[in-house]
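Q:
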Ligand code: NAP
Ligand code: GDP
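Below, the structure written as structure tokens:
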């Protein structure tokens, strides 16, 4: 048998990290050891603490998920923190992966990083073709640098580093903060409270923007495939098909159905809509995995809402203040 593969997952306590943990148990392979870490295990803003983590775990493979992450409204308010914290964390991870001779590093971009003014569908070659939407430019520019770092480390040091580009993600263990979260966890929490209090369920903006959403457990399967089998240094978009794009209004209705909410539904058009659409092509993914089956949106939504309802009172749900 070959040497043990040690797969270090940063951001292991987050939405995607928890999904990777769940799927890695189902799909584990002999000779692999998975290590999931959060900020209490190592503060990745510190190079010293990052190196101490690598010294301790001796990873052969790294899935770098840790990041400062948030929805439209958090991105609009904290552009400096989204820029700095992401740039610093990824710089420390890249440096440590090079120094500790990690065999493969997979980092995360996002479809939010693409240019605002673009043609559709967006593909992997378009990352640097123009400024991102101004609402999330701190996050977008920091994440775009991942693509540049992958190329520089490969060219100068021969490193095997790559990145995935997921669309908007949802699932169990999300951040349900009422102001700073992404739209699905924010609306699940708001619909739950509206149901409890007998109040209207209010959606921010017009409900017209279009998004592709990916269930965290589907994404986790694709990330594990990327880590094990994706051969390119160039990034790959991990998205549902273009035909599965939905409006924010559709999302709200799927939550209403999953929650059996019977009250009034309102749209607060005084709030921002953000980018109208970011339709991404998954042609590259389909070239590699033509038969991959995504969980149907409504089924994934039902599982996500059920997880929130079951865990609401546990005291361990991010963004829920009891
Ligand atoms: P998340 O749920 O907010 O989790 C963030 C993770 O980062 C947590 O595990 C957190 O640890 C860790 N972290 C934050 N600051 C840290 C620090 N200073 N040191 C060490 N760890 C730190 O994020 P996510 O939604 O799972 O996102 C995972 C990746 O996917 C990110 O790279 C994100 O940019 C990307 N992505 C997300 C979405 C989305 O819709 N959510 C869409 C596209 C791409 P603690 O909780 O222990 O503090
Ligand atoms: P994005 O996909 O990167 O833009 O980020 P979000 O997940 O924050 O989605 C933003 C879209 O959802 C915008 O069109 C918002 O107007 C809309 N939206 C509606 N209600 C909410 C909410 O409660 N929270 C968030 N974050 N967005 C909301």
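Residue numbers (my numbering): 8 to 329. Glycine included, C-beta positions come from ideal geometry on N, C-alpha and C.
Can you grab the Cα-Cα spacing for the pair residue 212 / residue 82, in whole Å?
A: Their Cα atoms are separated by approximately 16 Å.
Q: Could you tell me how far apart the beta carbons of residue 261 and residue 315 are, in whole angstroms, since I believe they sit closer than 8 Å?
A: Not quite, the Cβ-Cβ distance comes to about 14 Å (not below 8 Å), so this is no contact.
Q: How about residue 204 and residue 185: do their beta carbons lie closer than 9 Å?
A: No, the Cβ-Cβ distance between residue 204 and residue 185 is not below 9 Å.
Q: Consider the C-beta atom of residue 44 and the heavy atoms of the ligand NAP; say whether any pair is separated by less than 8 Å.
A: Correct: residue 44 has its Cβ closer than 8 Å to the ligand NAP.
Q: Measuring from the CB of residue 279, is there a heavy atom of the ligand SAH at a distance below 8 Å?
A: Looking for the ligand SAH in the displayed structure turns up nothing; the ligands present are the ligand NAP and the ligand GDP.
Q: For residue 122, which beta-bridge partners are listed by DSSP?
A: Note: residue 122 sits in a beta bridge opposite 139.
Q: Would you tell me roughly how many angstroms separate the C-alpha atoms of residue 91 and residue 51, rounded to the nearest one?
A: Near 12 Å, if we compare the C-alpha coordinates of residue 51 and residue 91.
Q: Could you give the distance in angstroms between the alpha-carbon of residue 255 and the alpha-carbon of residue 157?
A: C-alpha separation (whole angstroms): 34 Å.
Q: Fully enclosed by the region 247-274, which alpha helix (DSSP H) runs are 4 residues long or longer?
A: DSSP runs (the alpha helix (DSSP H)) wholly in the region 247-274: 255-266.
Q: The beta strand (DSSP E) spanning residue 133 covers which residue range?
A: It is not in any beta strand (DSSP E) - residue 133 carries neither H nor E in the DSSP assignment.
Q: Does the ligand NAP have a heavy atom nearer than 8 Å to the CB of residue 98?
A: Not under cutoff, so the answer is no.
Q: With distances taken from CA atoms, which of 141, 253 and 243 is nearest residue 190?
A: Ranking 141, 253 and 243 by Cα distance to residue 190 puts 253 first.
Q: Should residue 177 be listed as close to the ligand NAP, given that the test is whether its C-beta is under 8 Å from any heavy atom?
A: Correct: residue 177 has its Cβ closer than 8 Å to the ligand NAP.
Q: Keeping to the same chain, check which residues put their C-beta closer than 8 Å to that of residue 159; ignore five residues upstream and five downstream.
A: Cβ neighbours of residue 159 beyond the five flanking positions: none.
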